[in-house]
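Numbering (the working numbering), first residue to last: -7 to 88.
Here it is, written out as structure tokens:
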């Protein structure tokens, strides 16, 4: 009797997604979903629109005061988002 390489369904799906670069879209979506978790409810309320394209997170704010404050902390925000996601997905943030 031969031993077979047994893997869980989750492990197989992770391998397939990683091989086919399908994981990138899911990770980019996580950056958007984690925005409120990382920055808090007050910043989330001041956020009008958020989307990601080619590793750049675009954030439209309705408060210039909060936008300027976030611009000063941009590197720290990128690091915290990537740490929450578990991968280096967010390369830059553009505040509008």
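All C-beta atoms, glycine included, are put in the ideal place defined by N, C-alpha and C.
Worksheet item: What residues in its chain sit with their C-beta under 8 Å from that of residue 36, if we drop five residues either side in the sequence?
Response: Residue mapping note: residue 36 aligns to position 44 of the chain shown, counting from 1. Cβ within range, chain order: 27 and 28.
Contact set for residue 30: own chain, Cβ-Cβ below 8 Å, skip 5 residues either direction = Looking up residue 30 in the chain shown gives position 38. If we look at residue 30 and ignore the five residues flanking it on each side, its Cβ neighbours are 69, 72, 73 and 76.
*Nearest to residue 61 by alpha carbon, out of 79, 34, 47 and 17?*
Mapped onto the chain shown, residue 61 falls at position 69. The option with the nearest alpha carbon to residue 61 is 34.
What ranges does the beta strand (DSSP E) occupy inside the segment 1 to 53, keeping only unbroken runs of at least 3 residues that lie completely in it? Here the runs fully enclosed are 39 to 45 and 48 to 53.
Exercise. By the 10 Å Cβ neighbour count, where 16 or more other Cβ atoms means buried, how is residue 4 classified, buried or exposed?
Worked result: Locating residue 4 in the chain shown gives position 12, where the first residue counts as 1. Exposed: under 16 other Cβ atoms inside 10 Å.
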